[in-house]
Amino acid sequence: MLAGALKGESAISRSVHPTIYDVAARAGVSIATVSKTLNTPTRVAPSTRERVLDAVHELDYVPKEVATTRARRGTGRVGVFAPFSAHPSFGDRLNGVLGVMSGPRHEVVVFDVRSAEESADVLESLPALRSLDGLILMSVPFGKRVASAMRRGRLPVVLVDLVRSDFPTVLVDDLQGGALAAVTLREAGKSRLAYVGHRQLIDDFDSPSRRRQAGFEEEITRGGLGILPPVMTLLVSNDFTEASAAAEELLRADGRPDGVFAHTDELAAAVWAAADRVGLRVPEDLAIVGFDDGVIAQALGLTTIRQPLRETGQWAAQSMREMIADPGLVVPSLTLSVSLIRRRSA
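In structure tokens:
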């Protein structure tokens, strides 16, 4: 009975505008499931969600309330996805976006995500909602289905801190940053070096942490820094207390490092706190180099690698404005240099 009703509604409505009934009929589900897929996708089984989203794209369905709101508003609405609560540096990038997107013609919607797994379901369904005119993704990796959904939904996308060739991207030169940290520690006379980075759940994600570690190790092994012991590697969580406890174990071990390069200023601060508990002097017993040059680096006197955080947000926002104005525009990707800020920790 339900299937017949859905088919009848579909035959009437398709000539005017695809409706939620058309999507439900095409996907073989109820209209409640269609609604749940679009609004709370994590509550729908992956196989069902895929069928519904495929139907949405095939029919070019736009929710009626979204179409009405967009026509009335006339405002460029841009979503920004980033792990804001996990990494304070993304606040500076967001400020760069907001500075460019200020004014009545643009609206910024912020999505705070903790992991790629958490965001994948939402990202796949988001283009189907047609509630955004553009999307800026910061350090939030995504797979083929999400990329396909973005392209099929004709959603302009700009990436920050993500290595991909299929969307315009702005990166900082993490390899250069790692190399600068290695040279700095060697110039400080340190020979037992360690890298402290973040653990990641997606193994094939070319993260900033991995790129910084690669630049650090490449400079040590191939950059004329002499023969050194292998770099010690410590991968920790975002939690400051847990990271500092793990760093303390490293600093108490035999053959402990006398120089540490940390993926972020926050991790560098966790190492510094561990050094205080162990009784090591900074920089005499342990030199530390961070990355970002945020407020914490300035407060501690931390030697760090400054990355142009606000500038990456500005570039992403300006590129997005241009892509919204000209849907056919091809924006070339960009890599920005970093610089060493020398303070008392190294």
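If you want our numbering, it's the position in the sequence shown, counting the first as 1, plus 561.
Every residue gets a Cβ at the ideal spot worked out from N, C-alpha and C, and that includes glycine.
Since we're looking at a predicted model, the values are computed, not measured.
Asked	Found
Please go through the same chain and pick out, in chain order, the residues whose beta-carbon is closer than 8 Å to the beta-carbon of F893, but skip the five residues on each side of it.	Checking the sequence, you will find Pro at residue 893 rather than Phe. Excluding positions up to five away in sequence, the list reads P729.
Is the distance from the Cβ of I857 to the Cβ of E827 below 8 Å?	yes
Please report whether the beta-carbon of D764 lies at a distance below 8 Å from any beta-carbon of chain D.	Going by chain labels, chain D is absent from the structure shown, which holds only one protein chain.
Do V584 and L620 have their C-beta atoms within less than 8 Å of each other?	yes
Using 8 Å as the threshold, is the C-beta distance between G820 and S650 below it?	no
Between which two residues does the beta strand (DSSP E) holding L620 run?	Segment P607 to L620 is the alpha helix (DSSP H) holding L620; no beta strand (DSSP E) there.
Whose C-alpha, out of L684, V719 and D615, is nearest the C-alpha of G695?	V719
Using beta-carbon positions only, say whether L693 and G640 come within less than 8 Å of one another.	yes
On the three-pair Cβ rule with 8 Å, is the region 730-739 touching the region 858-877?	yes
Nearest-angstrom Cα distance between G851 and S709?	37 Å
Expressed to the nearest angstrom, what Euclidean distance is found between the alpha-carbon atoms of T598 and S646?	26 Å
Taking DSSP's pairing of strands, which residues face S900 in a bridge?	R867
Take the Cβ of G674 as the centre, count every other Cβ of all protein chains shown within 10 Å, and call the residue buried at 16 or more, exposed below.	The residue asked about is misnamed: residue 674 is Val in this sequence, not Gly. Under this definition V674 is a buried residue.
Can you give me the Cβ contacts of V757 inside the same chain, cut-off strictly under 7 Å, excluding the 5 residues immediately before and after it?	L795, V797, A808, V821, A823, H824, L828 and V832
Buried or exposed for G637, please, with buried defined as at least 16 other CB atoms from any protein chain shown within 10 angstroms of its CB.	buried
Quick one: measure Cβ to Cβ for I866 and L741, integer angstroms, because I've assumed they're closer than 8 Å.	6 Å
Classify F852 as helix, strand or coil using the three-state DSSP reduction.	strand
Going straight from the alpha carbon of F777 to that of T802, what length do you get?	25 Å
Mind checking Q737: buried by the 16 CB within 10 Å criterion, or exposed?	buried
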